[in-house]
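One structure is given below, encoded as C-alpha cells.
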Amino acid sequence: MKKSVLLILFSIFMMSCGTSRSAKKYTYKKPSTTNKSANLKKLNSSYSGNVSGTRASILDNAENYLGTPYKYAGNTPAGFDCSGLVCKVFDEEKIQMPRRSSDQAKQGRSINVSEARPGDLLFFATAGGSAVTHVGIVHDILNSGEVTFIHASTSKGVIISSLNEAYWNKAFLFARSVL
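Under UniProt numbering, the sequence shown has 95 at position 95, and the numbering climbs by one with no breaks.
Below, the structure written as C-alpha cells:
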C-alpha cells in the first residue's frame, strides 16, 4: 500500500512541472556594453517602464507571495510549486491557466525575451535538455536590459531571480505573453 501511494505521488510530481514534448531553445545573453544602447532602444520600444492595469495587478498578486515556501503540487498561500504560483496569481485576475508548466507554455503568444514586459511568462528546462520544467513571471526589465522574474524555487520558495544568473540563463527556453 505504501509503495502504491509513493508511486502515485512520484508520478504526480514528475507531471506537475514537466512535459514529454520538446520546446524550441532560445538563448538570452546579458547585453554587451558595445550593444547596450541598441538593446535598450529595442527594449524601450516595447516597454516604457510603467506597469498598469492587469499587468500591475498580476505583479502585486505575485509579490504578495514572496517568501511563501515551496510545496510540491502546491497552489495555495501555504505553499507553491512554479506552475501553481502562476495559476494562483493569474486566477486572482480571472485569467484561467492550465496547471502544468508544459501546458502553460502553450498559452498566449510567443514573444522574444527582448519584448517581454512585467506579467509575461518565462519558461525553463531546469533538468537539462529542451523540455519545459519550470515557469516564472516577468517582474521587471531593468535599464541594463536585465530581466527579473518571480517564481517558486524548490530551495527558497517564492523569490525574485534574474535571467543574468548563470543557472537561469542556461536553463531559459522562451517567453510567452498571455496578457
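Note that the Cβ used here is the ideal one computed from N, Cα and C, for glycine as well.
Within the DSSP bridge table, the entry for G79 names T76 as partners. G157 has S153 as its beta-bridge partners, per DSSP. Nearest C-alpha to S101 among V89, N64, F123 and K88: F123.
Shortest Cα-Cα distance from K88 to any of V51, S177, N64 and V147 involves N64. Cβ-Cβ distances below 6 Å link A152 to Y70, F80, D81, C82, L85 and V158 in the same chain, with the five nearest sequence neighbours on each side left out; the list follows chain order. The three-state reading of DSSP puts G129 in coil, since its state is none of H, G, I, E or B. If you look at I95, you'll find it isn't in any alpha helix (DSSP H); DSSP assigns it neither H nor E. Buried is the label assigned to R117, since at least 16 other Cβ atoms lie within 10 Å of its Cβ. Distance between V51 and G119, taken at the CA atoms: about 9 Å. CA-CA distance, Q96 to V178, rounds to 10 Å. Exposure of A56 is indicated by the presence of fewer than 16 other C-beta atoms within 10 angstroms of its C-beta.
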